[in-house]
Amino acid sequence: MLWFNVVKSLHIVFVASWFAGLFYLPRIFVNLAMVPPESVAERARLLLMGRKLLRFTTVLAVPALVLGLWLWLGFGVGRGPGNGWLHAKLALVLVVIGYHHRCGVLLRRFEAGENRRSHGWYRWFNEAPVLLLLAIVLLVVVRPF
8 MLWFNVVKSL HIVFVASWFA GLFYLPRIFV NLAMVPPESV AERARLLLMG
58 RKLLRFTTVL AVPALVLGLW LWLGFGVGRG PGNGWLHAKL ALVLVVIGYH
108 HRCGVLLRRF EAGENRRSHG WYRWFNEAPV LLLLAIVLLV VVRPF
């Protein structure tokens, strides 16, 4: 029981940390989309921040996912009848991984000078991880099916 609680606690901490990065990285994109073309230093600083944050967020995602798999496969969380909530959660986790990947693609486009989106679009894009986290937490706590 002790190891289960340790693994679950670490999973929660790493998920929260991963999402903190996913909340902030698109805010950097908002600022990048607003940088005037002549502000080379500001653009370079924001790109550096984005690269470092993406790298750090990716490092946080790995243990979050590994610990989640450990809970599922090692401790049997979500196994058996009446655990459809876990399948829904796993589907949303795949969406989060896709969102994380998309952030990397968008950052590379900014680095290449190929951004075609407005700061308003990035403001909306920034709302996705909030909604995903809300849905995932509700599934885990409420376990609706």
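Residue numbering for the sequence shown follows the working numbering, starting at 8 and increasing by one per position. We put the beta carbon where it would ideally sit given N, CA and C, even for glycine.
- Leu114 and Met8 have their C-alpha atoms roughly 42 Å apart.
- Rounded to whole angstroms, the separation of the alpha carbons of His107 and Arg150 is 25 Å.
- Secondary structure remark: continuous beta strand (DSSP E) runs of at least 3 residues inside the region 28-103: none found.
- In the structure shown, Ala135 falls within a helical segment according to DSSP collapsed to helix, strand and coil.
- Taking a 10 Å sphere around the C-beta of Ala23, we find fewer than 16 other C-beta atoms and assign the residue as exposed.
- Annotated as proximal: Leu67 and Trp25, with beta-carbon spacing under 8 Å.
- Comparing alpha-carbon positions, the option among Val103, Leu74, His126, Gly87 lying closest to Val37 turns out to be His126.
- Out of Lys96, Val147, Pro33, the CA that lies nearest to the CA of Arg130 is found in Pro33.
- Nearest C-alpha to Gly120 among Ala27, Gly28, Ala40: Ala40.
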